[in-house]
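Heads up: the structure comes next, in structure tokens.
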Amino acid sequence: MSVLLTGGLGYIGSHTAVELLQSGEDVVVIDNLSNSNIKTKTNIKKIASEKRKISAKNFKVYIGDLRDTNLVEKIFTENKIDSVIHFAGLKAVGESVKKPLEYYDNNINSTLSLLKAMNKFKVKNLVFSSSATVYGQAKSMPIYEDFEVGATNPYGRTKLFIEEILKDAYAADSTLNIAILRYFNPIGAHDSGLIGEDPNGIPNNLMPYISRVATGRYDHLNIFGNDYNTHDGTAVRDYIHVVDLAKGHLKALKKLRKNCGLQIYNLGTGVGYSVLDLVNAYNSVCGNKVKYIFAPRRPGDVDICYANVDKAKKELGWTAKRNLKNMCKTSYNFECKKSKLK
Ligand code: NAD
Ligand code: UFG
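According to the working numbering, the residues represented by the sequence shown are 693 to 1034, in order.
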């Protein structure tokens, strides 16, 4: 039996593929390469092979779009799929405001295509990549899973709508097992430096931008806002190492296989760090190469956002292990390797 990863060549998908393969699972990926590179397939195999011999039977990649229902049916026909982890989607908040229809089409229709195929082939287990963005401006911190939800942009709304679609699908078929994972801020890279986050164009997110300043691609970082109500005036987030996050998916899969019904889990560390905390941690590993200036607040940003992670700890037996310094060190290592190769 195999686990199907939609968007499995992307940032979080590739790290999860490695963890799954190394733990003895067989993996099938579908990815349209809209935000990833085919070289990642080789790198996943290379890393996983250090622990286990990986053949074409253990790891298969289909290049194509999840909305292509013929291709999706072919994948379910050609492989014995036991569970699905659904990462595929567009994820840039700013772009979603400019191109809402593209976001609704890609994120919602690909999910419907997947759910229809799962229904047809009687595949019952699904992990879905949701986001802390669904909490919008939370009323207090830390954020618990039962807090009110409400998105502030089209990207966030696709996550909210998909969560609703999954709840409806479960209401109609209680034999489904669905884990909705609400990620906080994933950063860092694999220890090997072979896979990590490498967005096309100018990064919107903090960590890839810092990494490019550290390796000389950009002159300085703009820190958006230093007048927030936080310990140093810069905004606070719950940064989580992508390898910890990937391991969380394995725990969720284990839970699904015990017939858990529909469950929602926050995946974060439970600790908030400011933009300046992150810059300082990065500077301690790269030798003070990250210059910055303060710039106005970015519209739509909240001052503080961090998770309560008790539910994942109690029910999945999962907690994040890696600290901020390790997140910075692995990001820097990945960025340096990549810069040398370019
Ligand atoms: P990513 O862009 O690196 O990976 C997504 C992958 O899906 C890419 O490889 C892309 O090519 C593929 N893809 C997109 N649309 C597709 C389609 N229609 N058919 C086939 N493949 C398609 O993003 P990521 O950071 O790995 O995020 C994975 C998931 O987690 C996304 O759903 C994202 O919204 C969610 N998420 C990410 C973050 C984050 O900060 N990275 C935070 C919260 C939630
Ligand atoms: N920031 C800067 N300068 C930059 C980029 C970001 O100061 O160049 C600041 C932002 O203003 C914010 C913090 O760094 O205060 C973190 O910003 P990110 O863009 O890295 O992350 P966000 O918290 O805004 O959002 C991310 C994803 C969302 C997801 C959310 C929670 O982009 O999709 O985490 O998971 F929903």
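Glycine included, each C-beta is placed from N, C-alpha and C at the ideal position.
Nothing here was measured: the structure is a model prediction, and the numbers come from that model.
Query, Result
"Cross-strand partners of threonine 698 (DSSP beta bridge)", "Ile722 and His778"
"CB contact flag (asparagine 877, alanine 938, <9 angstroms)", "no"
"Isoleucine 860 burial status per 10 Å Cβ neighbour count (16 or more: buried)", "A small fix is needed here, since residue 860 is aspartate in this sequence, not isoleucine. Exposed, since its Cβ has fewer than 16 Cβ neighbours within 10 Å."
"The segment 844 to 859 touching the segment 780 to 794, judged by at least three CB pairs closer than 8 angstroms", "yes"
"Residue from Ala973, Lys745, Val994 and Ile739 whose Cα sits closest to the Cα of glycine 885", "Ile739"
"Residues near histidine 912 by beta carbon distance below 7 angstroms, same chain, minus five either side", "Val905, Lys983, Tyr984 and Ile985"
"Range covered by the alpha helix (DSSP H) that runs through serine 728", "Serine 728 -> no alpha helix (DSSP H), and no H or E assigned at all."
"Any non-hydrogen atom of the ligand NAD within 8 angstroms of leucine 725 CB", "yes"
"Own chain, CB closer than 6 angstroms to serine 802, minus 5 neighbours either side, in chain order", "Leu758, Arg759 and Ala780"
"Residues sharing a beta bridge with lysine 752, DSSP", "Val720"
"Proximity of leucine 782 and serine 821 at Cβ, strictly below 9 angstroms", "no"
"C-alpha distance - phenylalanine 768 paired with phenylalanine 916, whole-angstrom precision", "45 angstroms"
"For isoleucine 915, the three-state DSSP class (helix, strand or coil)", "strand"
"Terminal residues of the alpha helix (DSSP H) in which leucine 937 lies", "934 to 948"
"Cβ contact (3+ pairs, closer than 8 angstroms) linking the segment 884 to 898 and the segment 736 to 756", "yes"
"Which listed residue (Asn1015, Pro900, Gly893 and Phe813) has its alpha carbon closest to that of valine 935", "Asn1015"
"Distance between beta carbons of alanine 999 and proline 891, contact taken as under 8 angstroms", "Not a contact, Cβ separation roughly 23 angstroms."
"Closer than 8 angstroms: aspartate 930 CB and nearest the ligand NAD heavy atom", "no"
"Residue range of the beta strand (DSSP E) that includes asparagine 972", "Note, asparagine 972: premise wrong, no beta strand (DSSP E); alpha helix (DSSP H) at 967 to 978."
"Beta-carbon gap between histidine 923 and serine 966 smaller than 9 angstroms", "yes"
"Closer than 8 angstroms: asparagine 897 CB and nearest the ligand NAD heavy atom", "yes"
"Limits of the unbroken beta strand (DSSP E) element including valine 819", "817 to 823"
"Contact test: asparagine 735 Cβ vs the ligand NAD heavy atom, cutoff 8 angstroms", "no"
"Whether methionine 899 touches isoleucine 879 by CB criterion (9 angstroms)", "yes"
"Through-space distance from alanine 1012 to lysine 1005, alpha-carbon basis", "9 angstroms"
"Integer Cβ distance of serine 715 from leucine 942, believed to fall under 8 angstroms", "6 angstroms"
"Bridge partner(s) assigned by DSSP for tyrosine 998", "Beta-bridge pairing links tyrosine 998 to no other residue."
"For isoleucine 835, the three-state DSSP class (helix, strand or coil)", "strand"
"When Ile902, Leu954, Glu840 and Pro895 are compared against serine 976, the one with the closest alpha-carbon", "Ile902"
"Segment limits, beta strand (DSSP E) that includes glutamine 955", "954 to 959"
"Cβ neighbours of isoleucine 746 in the same chain (closer than 7 angstroms, five flanking residues each side left out)", "Leu713, Lys737 and Ala740"
"Check: proline 878 C-beta below 8 angstroms from any heavy atom of the ligand NAD", "yes"
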